[in-house]
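Number of protein chains: 2
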Amino acid sequence: MQTRSKRPLTLRDVSEASGVSEMTVSRVLRKKGDVSAATREKVQEAARRLGYVPNKIAGALASQRVNLVAVIIPSLGNMVFPEVLSGISEELEGTELQPVVGVTDYQPEKEEKVLFEMLSWRPSGVIIAGLEHSDASRAMLKQAGIPVVEIMDTDGEAVDTSVGISHRRAGRIMAEEILKAGYKRIGFMGTKMPLDHRARKRFEGFTQTLAKGGVEIADQEFYSGGSALAKGREMTAAMLRRTPDLDFLYYSNDMIGAGGLLYLHEKGADIPAKIGLAGFNGVELLDGLPLQLATMDACRREIGQTAARIIAARNAEGASDEGQVVELSPTLSFGDTLRTN
Amino acid sequence: MQTRSKRPLTLRDVSEASGVSEMTVSRVLRKKGDVSAATREKVQEAARRLGYVPNKIAGALASQRVNLVAVIIPSLGNMVFPEVLSGISEELEGTELQPVVGVTDYQPEKEEKVLFEMLSWRPSGVIIAGLEHSDASRAMLKQAGIPVVEIMDTDGEAVDTSVGISHRRAGRIMAEEILKAGYKRIGFMGTKMPLDHRARKRFEGFTQTLAKGGVEIADQEFYSGGSALAKGREMTAAMLRRTPDLDFLYYSNDMIGAGGLLYLHEKGADIPAKIGLAGFNGVELLDGLPLQLATMDACRREIGQTAARIIAARNAEGASDEGQVVELSPTLSFGDTLRTN
DNA sequence: CTGAAAGCGCTAACAG
DNA sequence: CTGTTAGCGCTTTCAG
């Protein structure tokens, strides 16, 4: 139908091909304003025949509106963020808005760069992971004059609005359950990530609550890089060699927890009677393990949905420009690796 | 530093604040053309102080250039695509270009929508998964007048350029190795995905090669939804109940393969002597399993890098506008679940 | 090295 | 219901 052409088609081409003014063509193509069925048909036919694709750059400049929501996350390989994203997409599906993703690799400088880059496209809103940002990033977010939702975490001060869980509380709850179940000699394994503030907060909540119960972490180890499953396996083996009397292992994520679980299960360990295990995230991926790992879900999908809903609402007319804090409650699953007491 | 303002800052604001013409401000901010050190300093100081973020919409419209590469993939939850993406990002890092991701959920209509949407931003290139697209999508890709690289697969005709592996050949190679190892009673498990053409092609290559060796698939089962690990476990159990004399199980992806592996390992099956297993993808994630699953890597990262490099090269001056086919060679790993002879 | 003028392709705001 | 007139904020081009 179309002919090869170096220059992309413009509204004017459609206008000429259909004998209708540019303005009316624009109305038809945007389904905005009333146009008679006859001309509408003529225009659509011409547009289709030519293979016209509107130029959003020009449209956005003229209308001063860009229906994009910038979504800024640390990583895609983490399993948790794709789920947040699908919550966002799902929720935005019914609206004009579209998510655009930027990845920071947990680096504040990269976050700053990505944020700057995305804001320069003048999006209608920003959804960004975490509450910890560089001063420059916070300044940009404030200055942008658009709704900003910081997600995943509520332990801290948001620029505008935050949606997430309290990781301190999550660590605390896990510690309480472990104590309640009567475990005493507790080991911790996690990522060596000074910049993963949420893991850090969980760890803090965890150790502080143990301390209140008169228990101290008996051993701990941090890793970085490599296959998480393999790392969990190795670290668990090493830790039990070093501190054989541990009766509970708390992992900062489910993947290393699964590695530990597989290792102990093979060794014929008496789980959860003699040794208990728990991870974090509620990764559905792991459902087929020999034992179900105790874990705590982080409400990933729900966080995405809620954040997206807030942005969408604020973009609608007559929205209250108020910031808010939405704290979701993670649910603990005991699985097969934490005594229910 | 900045003041609250509803209206985002413009070049004119920076111009007024620095007492330098808009044009020269623009030159400084884009580091284009020669500007005296003194004025450059003045401009940069003003821009920083005000918190100016350039408006790329306006810039793109004026310059007729958008440094975006549209990347269109079926899914983010698949583990394989995030790796392709990181190959792309890595390769684009050194250039002006930036990837923008769109997800199709394996649905041709959604692909068409996403493609239309992305093309309307006039990107500098398109990287799109697969060779199978609707007529409309192919038309748009041809019409766009920008480099288009179809990735993952080379079994078929590309619009412009393709980079990937031959999935037919991958299936064939696996079949050859299985026959060579002397397995005879072979079961297949995979996703119920009429739209996953690559899985289909592997399956075809696999069965055709078995047939040449006088072997027919003894049993097969397809699933959809749910946790892949759990599905692999269940399907394996069911299949062996139904067809107990199977001596090899070929899985269309590593996750269900891992489920089967865990199941059989727990049952104390004699792997790989009495029963062999193989998956597909080379998912590093699974490195900590009790046995290493035989698999074939799909060159995910390398595909991303190559595709990005091609787009970048074509965007440089004096590039040959030629389409090409880049077929990469997947490597087979025997792991612990496929007899080496 | 710096500035002035003229759009990029589309849509808001008015007229008819 | 349809058309006309101005820009949107930046960059290209051409003069100084």
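Chains as they are written, first to last, in numbering that gives the first Met the number 0: chain A, 0 to 340; chain B, 0 to 340. C-beta: ideal position from N, C-alpha, C; glycine also.
Can you tell me whether P98 (chain B) is helix, strand or coil according to DSSP?
Position 99 of the second sequence holds residue 98 (chain B). Secondary structure at P98 (chain B): strand, using DSSP grouped into helix, strand and coil.
At a Cβ threshold of 9 Å, is Q1 (chain B) touching chain A?
On the second sequence, position 2 is the one that residue 1 (chain B) refers to. Because the pLDDT of Q1 (chain B) is 49, which lies under 50, any placement of that residue in the model is unreliable, and the question is left without a value.
Please confirm whether N280 (chain B) has its beta-carbon closer than 9 Å to some beta-carbon of chain A.
What you label residue 280 (chain B) is simply residue 281 of the second sequence in a count that begins at 1. Not an interface residue.
Checking contacts by CB at 9 Å: is R11 (chain B) closer than that to chain A?
Sequence index remark: in the second sequence, residue 11 (chain B) carries index 12 (1-based). No, R11 (chain B) does not count as interfacial toward chain A.
Please return the same chain residues whose Cβ sits closer than 6 Å to the Cβ of V100 (chain A), not counting the five positions on each side in sequence.
Looking up residue 100 (chain A) in the first sequence gives position 101. Sequence-distant Cβ neighbours of V100 (chain A) in its own chain, meaning closer than 6 Å and more than five residues away, are V70.
State the Cα-Cα distance for the pair A315 (chain B) and L118 (chain B), rounded to the nearest angstrom.
Here the question's residue 315 (chain B) lines up with position 316 in the second sequence. Here the question's residue 118 (chain B) lines up with position 119 in the second sequence. Using only the alpha carbons, I get a separation of about 20 Å.
If T294 (chain A) sits next to S319 (chain A), beta carbons under 8 Å apart, how far is it from one beta carbon to the other, in whole angstroms?
Along the first sequence, read from residue 1 onward, the residue named residue 294 (chain A) stands at position 295. Along the first sequence, read from residue 1 onward, the residue named residue 319 (chain A) stands at position 320. The pair is not a contact, with the Cβ atoms about 36 Å apart (cut-off 8 Å).
Does the Cβ-Cβ distance between I270 (chain A) and A227 (chain A) come in under 9 Å?
Locating residue 270 (chain A) in the first sequence gives position 271, where the first residue counts as 1. Locating residue 227 (chain A) in the first sequence gives position 228, where the first residue counts as 1. Taking 9 Å as the cut-off, the beta carbon of I270 (chain A) is found no closer than this to the beta carbon of A227 (chain A).
Could you give the DSSP three-state label for F333 (chain B): helix, strand or coil?
Residue numbering aside, residue 333 (chain B) sits at position 334 when the second sequence is read from its first letter. Reduced to three states, the DSSP call for F333 (chain B) is coil.
Is it the case that the Cβ atoms of A306 (chain A) and P329 (chain A) are separated by a distance below 9 Å?
Within the first sequence, the letter at position 307 stands for residue 306 (chain A). Within the first sequence, the letter at position 330 stands for residue 329 (chain A). Going by beta carbons, A306 (chain A) and P329 (chain A) fall outside the 9 Å limit.
If you reduce the DSSP assignment to three classes, tell me which class E125 (chain A) lands in.
Against the first sequence, residue 125 (chain A) aligns to sequence position 126. It is worth fixing the name first, because residue 125 (chain A) is Val in this sequence and not Glu. Three-state DSSP puts V125 (chain A) in a strand.
Unbroken alpha helix (DSSP H) run spanning G231 (chain B), endpoints
Taking the second sequence and counting its residues from 1, the one referred to as residue 231 (chain B) is at position 232. That run of the alpha helix (DSSP H) goes 227 to 241.
In three-state DSSP terms, what is G50 (chain B)?
Numbered from 1 along the second sequence, position 51 holds the residue referred to as residue 50 (chain B). DSSP, read as helix, strand or coil, puts G50 (chain B) in coil.
Can you list, in chain order, the residues of its chain with a C-beta nearer than 7 Å to that of V14 (chain B)? Leave out the 5 residues immediately preceding and following it.
Indexing the second sequence from 1 puts residue 14 (chain B) at position 15. Before going on, a small fix: residue 14 (chain B) reads as Ser here, not Val. Excluding positions up to five away in sequence, the list reads S20, E21, V24.
Selection from A:H132, A:Q97, A:F187, A:G212 that minimises the alpha carbon distance to P122 (chain A):
As a first step, residue 122 (chain A) must be located in the first sequence, where it is residue number 123. Proximity to P122 (chain A) across A:H132, A:Q97, A:F187, A:G212 peaks at A:Q97, based on C-alpha coordinates.
If you draw a straight line from the C-alpha of D104 (chain B) to the C-alpha of S74 (chain B), how long is it?
On the second sequence, residue 104 (chain B) is found 105 positions in, with the first residue counted as 1. On the second sequence, residue 74 (chain B) is found 75 positions in, with the first residue counted as 1. D104 (chain B) and S74 (chain B) have their C-alpha atoms spaced approximately 5 Å apart.
Are G281 (chain A) and L84 (chain A) closer than 9 Å when you measure CB to CB?
Within the first sequence, the letter at position 282 stands for residue 281 (chain A). Within the first sequence, the letter at position 85 stands for residue 84 (chain A). No, Cβ-Cβ distance for G281 (chain A) and L84 (chain A) is not below 9 Å.
R201 (chain A) versus N252 (chain A) - alpha carbon distance:
If you number the first sequence from 1, residue 201 (chain A) lands on position 202. If you number the first sequence from 1, residue 252 (chain A) lands on position 253. Whole-angstrom Cα-Cα distance: 11 Å.
May I ask you to verify whether the region 180 to 188 of chain A touches the region 142 to 160 of chain A, counting CB pairs closer than 8 Å and requiring at least 3?
At 8 Å Cβ cutoff, the stretches do not touch.
Local Cβ density within 10 Å of Q106 (chain A), reported as buried at 16 or more and exposed below that:
For the purposes of this step, residue 106 (chain A) is taken as the residue at position 107 of the first sequence. Around the CB of Q106 (chain A), fewer than 16 other CB atoms lie within 10 Å, so the residue is classed as exposed.
Between which two residues does the beta strand (DSSP E) harbouring A217 (chain B) extend?
Mapped onto the second sequence, residue 217 (chain B) falls at position 218. Run containing A217 (chain B): 216 to 222, per the beta strand (DSSP E) assignment.
Looking at I72 (chain B): is its Cβ nearer than 9 Å to the Cβ of V102 (chain B)?
Taking the second sequence and counting its residues from 1, one reaches residue 72 (chain B) at position 73. Taking the second sequence and counting its residues from 1, one reaches residue 102 (chain B) at position 103. In this structure, V102 (chain B) lies closer than 9 Å to I72 (chain B) by Cβ.
Candidates A:P7, A:A277, A:A143, A:G213: closest to T339 (chain A) by CA position:
Counted from its first residue, the first sequence places residue 339 (chain A) at position 340. Closest option to T339 (chain A), Cα to Cα, is A:A277.
Kindly list the residues whose CB is nearer than 6 Å to the CB of F187 (chain B), restricted to its own chain and excluding five residues on each side of it in sequence; keep chain order.
For the purposes of this step, residue 187 (chain B) is taken as the residue at position 188 of the second sequence. Hits under 6 Å: I216, Q219, Y249.
Near-chain B residues of the region 102 to 127 of chain A (beta-carbon distance less than 9 Å), N- to C-terminal order:
Of all residues in the region 102 to 127 of chain A, V102, F115, E116, L118, S119, W120, R121 have a Cβ within less than 9 Å of some Cβ in chain B.
In chain order, which continuous runs of the beta strand (DSSP E) of length 3 or greater are located wholly inside the region 275 to 323 of chain B?
If we require 3 residues or more, the beta strand (DSSP E) runs fully inside the region 275 to 323 of chain B come out as 275 to 277.
Do R167 (chain B) and E203 (chain B) have their CB atoms nearer than 9 Å?
For the purposes of this step, residue 167 (chain B) is identified with residue 168 of the second sequence, where counting begins at 1. For the purposes of this step, residue 203 (chain B) is identified with residue 204 of the second sequence, where counting begins at 1. Annotated as proximal: R167 (chain B) and E203 (chain B), with beta-carbon spacing under 9 Å.
How about P289 (chain A): is its C-beta nearer than 9 Å to some C-beta of chain B?
For the purposes of this step, residue 289 (chain A) is taken as residue 290 along the first sequence, with counting starting at 1. Taking CB atoms only, P289 (chain A) has a neighbour in chain B less than 9 Å away.
Which of helix, strand or coil DSSP assigns to M192 (chain B)
Reading the second sequence from its first residue, position 193 is the one you call residue 192 (chain B). Three-state result, M192 (chain B): coil.
In whole angstroms, what separates the C-alpha of D246 (chain B) from that of G275 (chain B)?
Walking along the second sequence from the start, residue 246 (chain B) turns up at place 247. Walking along the second sequence from the start, residue 275 (chain B) turns up at place 276. Looking at the two C-alpha atoms, the distance is approximately 6 Å.
Min CB distance S17 (chain A) to chain B below 9 Å
Residue numbering aside, residue 17 (chain A) sits at position 18 when the first sequence is read from its first letter. No, its Cβ sits nowhere closer than 9 Å to a Cβ of chain B.
Mind checking D244 (chain A): buried by the 16 CB within 10 Å criterion, or exposed?
Here residue 244 (chain A) corresponds to residue number 245 of the first sequence, with the count starting at 1. Sixteen is the threshold: since fewer than 16 other Cβ atoms of the shown chains lie within 10 Å of the Cβ of D244 (chain A), the residue is exposed.
Output the distance between the C-alpha atoms of A169 (chain A) and E176 (chain A), rounded to the nearest integer angstrom.
As a working mapping, residue 169 (chain A) is identified with position 170 in the first sequence. As a working mapping, residue 176 (chain A) is identified with position 177 in the first sequence. Roughly 11 Å separates the two Cα atoms.
So, for Q1 (chain A): in the same chain, excluding its five sequence neighbours on each side, which residues have a beta-carbon less than 7 Å away from its beta-carbon?
Counting from 1 along the first sequence, the entry for residue 1 (chain A) is found at position 2. Residue confidence is low: Q1 (chain A) scores 49 on pLDDT, short of 50, so the model does not pin down where it sits. Its coordinate-derived value is still stated next. These residues qualify, in order along the chain: L49, G50.
My assumption, with CB atoms under 8 Å, is that R308 (chain B) sits in contact with E90 (chain B). Please give the rounded CB distance.
Numbered from 1 along the second sequence, position 309 holds the residue referred to as residue 308 (chain B). Numbered from 1 along the second sequence, position 91 holds the residue referred to as residue 90 (chain B). Right, the Cβ-Cβ distance comes to about 5 Å (below 8 Å), so this counts as a contact.
Hey, would you say the C-beta of I185 (chain A) is under 8 Å away from at least one heavy atom of the ligand NAP?
With respect to the ligand NAP, the structure shown offers nothing to examine, as it has no ligands at all.
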